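First comes the structure, then the notes that go with it.
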Ligand code: ATP
Ligand code: MG
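In this note's numbering, the protein residues as written are 1 to 283.
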């Protein structure tokens, strides 16, 4: 198999989760902070550590075959790349925010105002879609202080918890786009064997993250109700216990309906419920 290159963020909010995902795929590599390239010893892959802003273009131009980067950065750079997989981390929202004391009431009130942002292309498109003429002031960082300095009437920036907005006397005004980390590839390489093999590993790690392995004990007479509650991959595994009228049930539960299921199982007489993380699910 020929070797691939994947670009991930060198340091910052996506670095740790990107490295963790690749390691969970069974890839062995050194994650030196000082080196910008690292070879995977047990898979034909090289890892490039880059500024996140550079990743979409590197992938579009084929300098890297694959990349992990925020959707916000992909949209801002307006590149033509292939979306292979949404990764479920780095979730955030690009929002317009205004000072607490602002007189702006609705989006159309932005007409003729100035908005500071590090995302001029995304903002330009959003304003055009909403038929608003406003001045975009592009700044590369510390966007939140710009209204306080009299440089703008609003900002457009990444928000996750809203803590930074609050501490700068700002409040959310409109959602522009939601974002998460995405695995992208250069167009046309999705069908290559080595890409498919890596994708299979990544998907099995992501699938395992959504599910938990559950073992519980139940009286044999209550088993039908318990089995009914559990969809299982095929059906749950039922194992006899030393105590004759008791059995152990092994199954897999989706993280999203975990608590609802667990409470129903308890109500149906399940005891000694043990929940374990799953490392990989191979489909
Ligand atoms: P670089 O030095 O690589 O240019 P950066 O400073 O531009 O990094 P980070 O702050 O590390 O970027 O954020 C990287 C990405 O993480 C963002 O583009 C976004 O997709 C996502 N992100 C940003 N802020 C948050 C947040 N508060 N919570 C979750 N994800 C976020
Ligand atoms: Mg950046």
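No residue lacks a Cβ here, since even glycine has one placed at the ideal position from N, Cα and C. Small disclaimer: the values here were computed from a predicted structure and weren't measured.
(request) Quick one: using the 10 Å Cβ neighbour count with 16 as the cut-off for buried, is residue 52 buried or exposed? (result) Buried.
(request) Specify the secondary structure class of residue 200 as computed by DSSP and reduced to three states. (result) Taken through DSSP and simplified to helix, strand or coil, residue 200 comes out as helix.
(message) Given this structure, state the Cα-to-Cα distance separating residue 93 from residue 177, to the nearest angstrom.
(response) Spanning the alpha carbons of residue 93 and residue 177 requires a straight line of approximately 6 Å.
(message) Can you check which of these residues, 169, 198, 126, 162, is closest to residue 183 by C-alpha distance?
(response) Out of 169, 198, 126, 162, 198 has the C-alpha closest to the C-alpha of residue 183.
(request) Say yes only if the C-beta of residue 51 is nearer than 7 Å to one or more non-hydrogen atoms of the ligand MG, and no if none qualify. (result) Taking non-hydrogen atoms of the ligand MG into account, the C-beta of residue 51 is found less than 7 Å away from one of them.
(request) Answer with buried or exposed for residue 65, where buried requires no fewer than 16 other C-beta atoms within 10 angstroms of its C-beta. (result) Around the C-beta of residue 65, 16 or more other C-beta atoms lie within 10 Å, and the residue is accordingly described as buried.
(request) Return the first residue and the last residue of the alpha helix (DSSP H) that residue 121 is part of. (result) 120-129 is the span of the alpha helix (DSSP H), which, as asked, contains residue 121.
(message) Taking 8 Å as the threshold (C-beta atoms), are residue 209 and residue 258 in contact?
(response) The Cβ atoms of residue 258 and residue 209 do not sit closer than 8 Å to each other.
(request) Could you please give the first and the last residue of the uninterrupted alpha helix (DSSP H) stretch that includes residue 77? (result) Under the DSSP assignment, residue 77 falls in the alpha helix (DSSP H) whose first and last residues are 71-77.
(request) Measure how close the beta-carbons of residue 113 and residue 153 come, nearest whole angstrom, since I'm counting them as under 8 Å. (result) Right, their Cβ atoms sit about 4 Å apart.
(request) Please determine if the region 99-109 and the region 75-87 are in contact, where contact requires at least 3 C-beta pairs separated by less than 8 Å. (result) Segments in contact, no.
(message) In this structure, how does DSSP classify residue 260 when only helix, strand and coil are distinguished?
(response) In the structure shown, residue 260 falls within a helical segment according to DSSP collapsed to helix, strand and coil.
(request) Identify every residue that forms a DSSP beta bridge with residue 215. (result) Paired residue(s): 250, 274.
(message) Quick check on this structure: which residue in 279, 240, 3, 70 has the alpha carbon closest to the alpha carbon of residue 158?
(response) The shortest Cα separation from residue 158 among 279, 240, 3, 70 belongs to 70.
(message) Which residue wins for smallest C-alpha separation from residue 2, given the options 218, 141, 196?
(response) Residue 196 is the option with its Cα nearest to residue 2.
(message) Going by C-alpha to C-alpha distance, which of 143, 47, 207 sits closest to residue 87?
(response) Nearest of 143, 47, 207 to residue 87, Cα basis: 207.
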